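A.B. asks: The structure follows.
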Amino acid sequence: MTPRPPGGQEQALLNLRQLAATGVRTFLFAGPDGVGRRAAARWFSALLNCDAGLDDPCGRCARCLRWPEAETGLLSIEDYREVAAPAITRDGRPTRRRSIGIDQLVPRPGGDPDPLGPWLAAPPSARLRVGVIDGADELGEQAANAFLKTLEEPPVRARIVLIGSGPDALLATVASRCTVVRFRPVMPDADTWQRFHPHPALRLGRPEQFEEQLPATESAQQAVAAFVASLDDTLGATLDALAALQGVWPSEDELVPGLLLEHARARGPHAYAACDAALVALETATTAYAHRALALKRCALALRRAWR
Numbered sequence: 003m004t005p006r007p008p009g010g011q012e013q014a015l016l017n018l019r020q021l022a023a024t025g026v027r028t029f030l031f032a033g034p035d036g037v038g039r040r041a042a043a044r045w046f047s048a049l050l051n052c053d054a055g056l057d058d059p060c061g062r063c064a065r066c067l068r069w070p071e072a073e074t075g076l077l078s079i080e081d082y083r084e085v086a087a088p089a090i091t092r093d094g095r096p097t098r099r100r101s102i103g104i105d106q107l108v109p110r111p112g113g114d115p116d117p118l119g120p121w122l123a124a125p126p127s128a129r130l131r132v133g134v135i136d137g138a139d140e141l142g143e144q145a146a147n148a149f150l151k152t153l154e155e156p157p158v159r160a161r162i163v164l165i166g167s168g169p170d171a172l173l174a175t176v177a178s179r180c181t182v183v184r185f186r187p188v189m190p191d192a193d194t195w196q197r198f199h200p201h202p203a204l205r206l207g208r209p210e211q212f213e214e215q216l217p218a219t220e221s222a223q224q225a226v227a228a229f230v231a232s233l234d235d236t237l238g239a240t241l242d243a244l245a246a247l248q249g250v251w252p253s254e255d256e257l258v259p260g261l262l263l264e265h266a267r268a269r270g271p272h273a274y275a276a277c278d279a280a281l282v283a284l285e286t287a288t289t290a291y292a293h294r295a296l297a298l299k300r301c302a303l304a305l306r307r308a309w310r
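The sequence shown begins at 3 in the working numbering and counts up one residue at a time.
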């Protein structure tokens with residue numbers, strides 16, 4: 003299935019259509035998380051390689067039909083590839099400070115057997131190869147310097163897309179080699195807002211992030227609302243609500259903390275600051291392999307104090 007363009011990003015897509023006909027080879031898709039930058043990179047790659055030569059990929063030619071049905075997670079197919087900082091270390095533990103490694107970009111002894119640089123230099127099966135560095139804010143100085151020559155002069159039949167928050171978040175040497183395409187927050191329609199408020203991704207205008215979390219949203223909203231209501235009740239009621247909340251709160255999940263912060267925001271600045279501090283302490287304890295159930299109880303006690 004040909005990648006769909008992100009909704010609400012008409013100006014960014016217009017800019018990309020115009021840039022497709024130029025000699026620009028290195029791009030920075032700049033904007034907040036969840037506004038459709040990755041979807042736009044996939045759409046742009048399909049547009050560059052489509053046989054029809056229209057303003058959108060036709061979805062019918064042989065090159066469009068090569069795209070897989072699934073459009074979630076990191077993707078690597080023929081002439082399109084995404085790389086990002088790993089979420090876990092080589093021994094399987096979660097990492098708090100993510101960083102794109104040098105070996106993901108250029109050959110290194112004992113490193114990634116298929117880094118991005120040589121992959122970009124290989125002949126494409128269609129017109130162009132498109133390599134995406136997703137989370138370019140996590141591109142460290144050593145990795146950036148090792149990849150700098152490729153960023154400055156990508157292979158003629160290749161395009162590089164960096165996805166990041168903006169030029170100021172990148173090393174100056176990296177940002178100066180990119181043509182910036184800006185992506186803005188996108189506000190939901192009234193019905194979606196009414197149904198899923200206070201989902202944090204909606205308030206922040208991040209529909210892609212909202213869609214990724216949608217399957218778990220309703221059950222999480224109900225559990226969070228019950229837990230928040232219990233904070234003004236007895237300690238026993240809070241612990242009972244916490245047990246239900248724990249069932250929809252995986253340790254790596256960002257939805258439940260976001261919903262808690264939205265409720266705290268409505269309570270006032272003191273409650274919001276205290277809630278944020280409690281969630282940071284919970285994340286720190288979880289990352290340090292503390293007993294999660296005990297860490298959650300400590301978080302709940304801190305939130306009870308914040309709510310009063």
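For glycine and all other residues, C-beta sits at the position ideal for the given N, C-alpha and C. Note that the coordinates shown come from a computational prediction; the quantities given were computed from them, not determined experimentally.
In its own chain, which residues sit with a C-beta less than 8 Å from the C-beta of glycine 137, not counting the 5 before and 5 after it?
C.D. replies: Ala86, Ala87, Arg100, Ile102, Ile165, Gly166
A.B. asks: For valine 158, does the three-state DSSP call read helix, strand or coil?
C.D. replies: coil
A.B. asks: Within a Cβ cutoff of 7 Å, which residues of the same chain sit near glutamate 80, ignoring the five residues on either side of it in sequence?
C.D. replies: Arg68, Ser127
A.B. asks: Drop a sphere of 10 angstroms on the beta-carbon of threonine 286, count the other beta-carbons inside from all chains shown, and report buried for 16 or more, exposed for fewer.
C.D. replies: exposed
A.B. asks: If you follow the alpha helix (DSSP H) that glycine 238 is part of, which residue opens it and which one closes it?
C.D. replies: 237–248
A.B. asks: With DSSP run on the structure shown, which of helix, strand or coil describes aspartate 58?
C.D. replies: coil
A.B. asks: Here's the rule: buried if 16 or more other CB atoms are within 10 angstroms of the residue's CB, otherwise exposed. What is asparagine 147?
C.D. replies: Looking at its Cβ environment, which holds fewer than 16 other Cβ atoms inside 10 Å, asparagine 147 is exposed.
A.B. asks: Could you tell me the distance, in whole angstroms, from the CA atom of alanine 266 to the CA atom of phenylalanine 31?
C.D. replies: Roughly 32 Å separates the two Cα atoms.
A.B. asks: Just verifying my parser: in three-state terms, what is the DSSP assignment at tyrosine 274?
C.D. replies: DSSP, read as helix, strand or coil, puts tyrosine 274 in helix.
A.B. asks: Would DSSP call serine 78 helix, strand or coil?
C.D. replies: strand
A.B. asks: Quick one: give me the first and last residue of the alpha helix (DSSP H) that phenylalanine 46 is part of.
C.D. replies: 39–51
A.B. asks: Below 7 Å, is the gap between the Cβ of leucine 247 and the nearest heavy atom of the ligand ATP?
C.D. replies: This structure simply doesn't include the ligand ATP, nor any ligand for that matter.
A.B. asks: Below 8 Å on the Cβ atoms is my contact criterion, and I expect arginine 19 with isoleucine 162 to pass it. Report the Cβ-Cβ distance as a whole number of Å.
C.D. replies: Not quite, the Cβ-Cβ distance comes to about 18 Å (not below 8 Å), so this is no contact.
A.B. asks: Could you tell me whether the region 237–257 touches the region 287–300, using the rule of 3 or more Cβ pairs below 8 Å?
C.D. replies: yes
A.B. asks: Let me check understanding here. Comparing Cα to Cα, which of Ala171, Arg131, Trp45 lies closest to glycine 33?
C.D. replies: Ala171
A.B. asks: For the beta strand (DSSP E) holding arginine 310, just list the boundary residues, first then last.
C.D. replies: Looking at the DSSP string, arginine 310 is not in any beta strand (DSSP E), and its letter there is neither H nor E.
A.B. asks: Below 8 Å between beta carbons: does that hold for threonine 181 and leucine 15?
C.D. replies: no
A.B. asks: Should glutamine 224 be labelled buried (16 or more other beta-carbon atoms within 10 Å of its own) or exposed?
C.D. replies: exposed
A.B. asks: Just to confirm before moving on: does the CB-CB distance between alanine 308 and alanine 273 stay below 8 Å?
C.D. replies: yes
A.B. asks: Alpha carbons only, please: which of Gly270, Gln13, Arg110, Phe29 is nearest the one belonging to alanine 169?
C.D. replies: A quick correction: the sequence has proline, not alanine, at residue 169. For the residues Gly270, Gln13, Arg110, Phe29, the minimum Cα distance to proline 169 belongs to Phe29.
A.B. asks: I'd like the list of long-range same chain contacts for leucine 153, defined as Cβ closer than 7 Å, with 5 residues on each side in sequence excluded.
C.D. replies: Thr28, Ile162, Val176, Arg179
A.B. asks: Tell me whether the beta-carbon of leucine 107 lies closer than 8 Å to the beta-carbon of phenylalanine 46.
C.D. replies: no
A.B. asks: Give the range of the alpha helix (DSSP H) segment to which threonine 175 is assigned.
C.D. replies: 174–177
A.B. asks: Within the continuous beta strand (DSSP E) that includes arginine 184, where are the two ends?
C.D. replies: Segment 181–184, the beta strand (DSSP E) holding arginine 184.
A.B. asks: In terms of residue numbering, what span does the alpha helix (DSSP H) encompassing glycine 113 cover?
C.D. replies: From DSSP, glycine 113 is part of no alpha helix (DSSP H); its letter is neither H nor E.
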